[in-house]
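Below: the structure, in structure tokens.
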Amino acid sequence: MKREDIKHIIEAILFAYGEPISIKELNYIVNEDLSSKEIEYMINILIEEYKEQNRGVQIIKLENKYQMCTNKDYAGYIKKVLEPKKKKTLSQATLETLTIIAYKQPITKIEIENIRGVKCDKVLQTLLENDLIREAGRLNKIGKPIIYKTTNEFLKLINIEKLEDLPPLETYENSEL
Amino acid sequence: MKREDIKHIIEAILFAYGEPISIKELNYIVNEDLSSKEIEYMINILIEEYKEQNRGVQIIKLENKYQMCTNKDYAGYIKKVLEPKKKKTLSQATLETLTIIAYKQPITKIEIENIRGVKCDKVLQTLLENDLIREAGRLNKIGKPIIYKTTNEFLKLINIEKLEDLPPLETYENSEL
Amino acid sequence: MKYNIQLQVYEGPLDLLYDLISKQKIDIKDISISEITKQYLKYLDLLEKMDLEITSEFITMASKLLEIKSRYLLYKQKDDEEEEDPRLELMEKLEEYKKFKIASQDIKENVSYINERFYRNKEEIVVDEKIDLDDISIEAIKNILPYIFKVRISEEKTTNNDEKLNKIVRGRIISVEEKMTELRTILEENQEFMFTKIINNCDKDEVIATFLSILELIKAKEIVVIQDIFFDDIIIKKGSEM
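Protein chains in written order, with the working numbering: chain F, 1421 to 1597; chain Y, 1421 to 1597; chain V, 94 to 335.
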């Protein structure tokens, strides 16, 4: 594997994964035979390149994890672009996320985001604060993602006794292509 | 505003926005005083840079919109982190209908049914649900029939960048199954 | 010895017709309408015997083929240059269908069934900062389920049943052979009868089948027909061979 390749693989992973990721995890994904020193060296080169050119995207280090994000200098533009045409209320977004968790639990944030097609950090925070969902451990895979489940509060709120009382998904025909 | 800046703002927007975005929208966000030609020129430079260096992240053009995505060459690595979304297999009926819409768009349900000789309601529903086609207004004639077009998801599905990349329909005139 | 019969399922009447034609390795322009009609009906017959569903589209096409066949017989006899070949419309339809059918094979080959490219999810921006717990109810969940899981509510089942019922009521396909037998039975009891009498309450398909069976019976000399003046009713009588 060429050095340049390593750099670009790391770049691709940081982009697609979106969440903070550690050297150890990157090491595992790129090539276990490489030393973690090598990975760290390459990611530092990448960080420097992005910084030097003042690129639109930057790589930041948080604790001992790395994440890709937009350059602070362009925050004004990003705000403008993320302004949605049709805004959802927090209640709508919450209801959607809660429904997904109710039916698919235990579920991770990334799985929820893949169903909804948007990042869900804020909504998950709201749901946790209102005690409608809870963290139920971590998955033993890359990033050790938190898994979420609904709470008894949730059952009380929608007036059911147990999860089985939710409208069954089986009565909905799975659409097949 | 320096040219280099424009390039990096575009880069930041593409990263943050996630979805396909048009030159017009970019123009509005970056700086309305710039010409759209300038924006197009800069984005093309960006695309070329990414391509030339075979970076982990690439910019693809779908019809008249642009989107950031990972480099195909590194798909194997990303799959280690993210569960790839498996696409469903398409049934013969779905494929035929999709093909007719792809070539004849904009097209109404009745026109599709005339070509296939069968009712297409169910297939159209499936295609809509899977975001492979979209409703693109109504025809101004009796019954105001809905007209259908294919989506960018369709282009992604069959790995082309624009509809013109489809082989011309005439090539099938004298071919055998 | 056991035979393994695998019946190919077709997407529609055009799909079936096109397959019949390609099996004969002839050009669509050169189809023999009577041959293709015969094979088409044979396939429907097979479906019926195997108790498989025959949708209304297949039945409509069957009557259409019979209609074209009879019009073509007249067309050939008249040898009228002015008149359009009754097969033309069907041929054009088949030609058009063929193009898309082949094109769809190409598209199928291009489909990548697993994502090779990965994209980023957008941040979600919401209007208000407050959540209203009253908005969360079992009804609300029910309402958004189809949008979230892209599942279809099963109300389709009822329409399916209606469709099936419809098919049973009006979907029976009438073969020419069947009609011939029916006509023979009537003739055993009656010396003669009127054409309009036997096509009373028949739909278009059945009228065509009746008419074709009469032609067959005339050919076999089982019946003779008499018509006093044009557009008058046709009287059907036993022929010399019966």
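Where a beta carbon is used, it is the ideal one built from N, C-alpha and C, also for glycine.
These numbers were taken from a predicted model, which means no experiment stands behind them.
Open item on the list: Here's a check: name, in chain order, each residue in its chain whose Cβ is nearer than 8 Å to the Cβ of Y1437(Y), leaving out the five neighbours to either side.
Closed with: Residue numbering aside, residue 1437(Y) sits at position 17 when the second sequence is read from its first letter. Within the same chain, Y1437(Y) has no close Cβ partners at all.
- [ ] Check whether the segment 1561 to 1581 of chain F touches the segment 1453 to 1463 of chain F, counting contact only when three or more Cβ pairs, one atom from each stretch, lie closer than 8 Å.
- [x] no
TODO: From the DSSP output, in three-state form, read off R1554(F) for me.
DONE: Here residue 1554(F) is taken as the residue at index 134 of the first sequence, counted from 1. If DSSP states are grouped into helix, strand and coil, R1554(F) belongs with the strands.
Task: chain V contact for M1421(Y) (CB, 8 Å cutoff) - done: As a working note, residue 1421(Y) is residue 1 in the second sequence. It does not: the Cβ of M1421(Y) has no partner Cβ on chain V nearer than 8 Å.
Task: Beta carbon proximity, N1560(Y) to chain F, threshold 8 Å - done: For the purposes of this step, residue 1560(Y) is taken as residue 140 along the second sequence, with counting starting at 1. No - not a single Cβ of chain F is within 8 Å of the one on N1560(Y).
Open item on the list: Using only CA atoms, which one of E1460(Y), Y1568(Y), N1491(Y), E1581(Y) lies nearest to G1557(Y)?
Closed with: Sequence index remark: in the second sequence, residue 1557(Y) carries index 137 (1-based). With distances taken between Cα atoms, G1557(Y) lies closest to Y1568(Y).
Task: Boundaries (first-last residue) of the beta strand (DSSP E) holding I1566(Y) - done: Numbered from 1 along the second sequence, position 146 holds the residue referred to as residue 1566(Y). It spans 1566 to 1570 - the beta strand (DSSP E) in which I1566(Y) sits, taken as one unbroken run.
Open item on the list: Which residue marks the beginning of the alpha helix (DSSP H) containing I1467(F), and which one marks its end?
Closed with: By one-based count along the first sequence, residue 1467(F) stands at place 47. That run of the alpha helix (DSSP H) goes 1456 to 1472.
Open item on the list: I'd like the span of the alpha helix (DSSP H) that includes Q1478(Y), first residue to last.
Closed with: The count along the second sequence starts at 1 and reaches residue 1478(Y) at position 58. Where Q1478(Y) is concerned, there is no enclosing alpha helix (DSSP H), although the beta strand (DSSP E) it sits in stretches over 1477 to 1482.
TODO: Quick one: grab the DSSP three-state call for V1501(F).
DONE: As a working note, residue 1501(F) is residue 81 in the first sequence. Here V1501(F) sits in helix by DSSP.
TODO: Pull out every residue of the segment 98 to 124 of chain V whose Cβ sits closer than 7 Å to any Cβ of chain Y, in chain order.
DONE: E104, G105, P106, L107, S115
Task: Of the residues K142(V), T274(V), I301(V), Q320(V), the one placed nearest M287(V), counting alpha carbons only - done: Translated into positions along the third sequence, residue 287(V) becomes position 194. Out of K142(V), T274(V), I301(V), Q320(V), Q320(V) has the C-alpha closest to the C-alpha of M287(V).
Open item on the list: Contact criterion: CB-CB distance below 8 Å. Does I319(V) meet it with respect to chain Y?
Closed with: As a first step, residue 319(V) must be located in the third sequence, where it is residue number 226. Cβ-Cβ to chain Y under 8 Å: no for I319(V).
Open item on the list: Tell me which residue opens and which closes the alpha helix (DSSP H) that Y1486(Y) is part of.
Closed with: Here residue 1486(Y) refers to the residue found at position 66 of the second sequence. Premise fails: Y1486(Y) lies in the beta strand (DSSP E), 1485 to 1490, not in any alpha helix (DSSP H).
TODO: Specify, as a first and last residue, the run of the alpha helix (DSSP H) that K1427(Y) falls within.
DONE: Residue mapping note: residue 1427(Y) aligns to position 7 of the second sequence, counting from 1. First-last of the alpha helix (DSSP H) with K1427(Y): 1423 to 1437.
TODO: Consider the Cβ of I1520(Y): report whether some Cβ of chain V lies at a distance smaller than 8 Å.
DONE: Along the second sequence, one-based indexing puts residue 1520(Y) at 100. At least one chain V Cβ lies under 8 Å of I1520(Y).
Task: Own chain residues within Cβ distance below 8 Å of T1610(F), not counting five before or after - done: The shown model of chain F, from 1421 to 1597, leaves out residue 1610(F), and the question about it has no answer.
Task: Chain-ordered residues of the segment 197 to 208 of chain V with a beta carbon less than 7 Å from chain F - done: none
TODO: Give a yes or no on whether 8 Å exceeds the smallest Cβ distance from I336(V) to chain Y.
DONE: This structure does not reach residue 336(V), given that chain V is present from 94 up to 335, and the question cannot be answered.
- [ ] Kindly indicate if chain Y contains any beta-carbon less than 8 Å away from that of R212(V).
- [x] Here residue 212(V) corresponds to residue number 119 of the third sequence, with the count starting at 1. Per the sequence shown, residue 212(V) should be read as Tyr rather than Arg. By this cut-off, Y212(V) is an interface position.
- [ ] Please check if any C-beta of chain V sits within less than 8 Å of the C-beta of E1531(F).
- [x] Your numbering for residue 1531(F) matches position 111 in the first sequence. E1531(F) does not count as touching chain V.
Open item on the list: I want to know whether the segment 149 to 167 of chain V touches the segment 1584 to 1595 of chain Y - three or more CB-CB distances under 8 Å.
Closed with: no
- [ ] Flag this pair as touching only if the segment 1520 to 1527 of chain F and the segment 1470 to 1483 of chain F have three or more C-beta atom pairs under 8 Å; answer yes or no.
- [x] no
Open item on the list: Using only the alpha-carbon positions, how far apart do R210(V) and E1516(F) sit?
Closed with: On the third sequence, residue 210(V) is found 117 positions in, with the first residue counted as 1. On the first sequence, residue 1516(F) is found 96 positions in, with the first residue counted as 1. Distance between the alpha carbons of R210(V) and E1516(F) is about 26 Å.
- [ ] Work out the CA separation of S1442(F) and P106(V) for me, nearest whole Å.
- [x] Here residue 106(V) refers to the residue found at position 13 of the third sequence. Here residue 1442(F) refers to the residue found at position 22 of the first sequence. About 59 Å.
- [ ] Note down, in chain order, each residue of its chain lying with its Cβ closer than 6 Å to the Cβ of P179(V), except the 5 sequence neighbours on either side.
- [x] Taking the first residue of the third sequence as 1, we reach residue 179(V) at position 86. Hits under 6 Å: I161, R164, Y165, Y168.
Task: Exposed unless 16 or more other CB atoms sit within 10 angstroms - verdict on V102(V) - done: Taking the first residue of the third sequence as 1, we reach residue 102(V) at position 9. It is exposed - the Cβ of V102(V) has fewer than 16 other Cβ atoms within 10 Å.
Task: For F286(V), the three-state DSSP class (helix, strand or coil) - done: Locating residue 286(V) in the third sequence gives position 193, where the first residue counts as 1. Here F286(V) sits in strand by DSSP.
- [ ] Determine the chain V residues that contact P1504(F) at a beta-carbon separation under 7 Å, and present them in chain order.
- [x] Counting from 1 along the first sequence, the entry for residue 1504(F) is found at position 84. Per Cβ cutoff of 7 Å: I218.
TODO: Please list, in chain order, all residues of the same chain as R263(V) whose beta carbon is under 6 Å from its beta carbon, the five residues on each side excluded.
DONE: Numbered from 1 along the third sequence, position 170 holds the residue referred to as residue 263(V). Bear in mind that a pLDDT of 48 at R263(V), under 50, signals an unreliable position, so the number given afterwards is only what the model happens to contain. Excluding positions up to five away in sequence, the list is empty.
TODO: Give a yes or no on whether the minimum CB-CB distance between E1468(F) and chain Y is below 8 Å.
DONE: On the first sequence, residue 1468(F) is found 48 positions in, with the first residue counted as 1. Chain Y contact via Cβ: absent.
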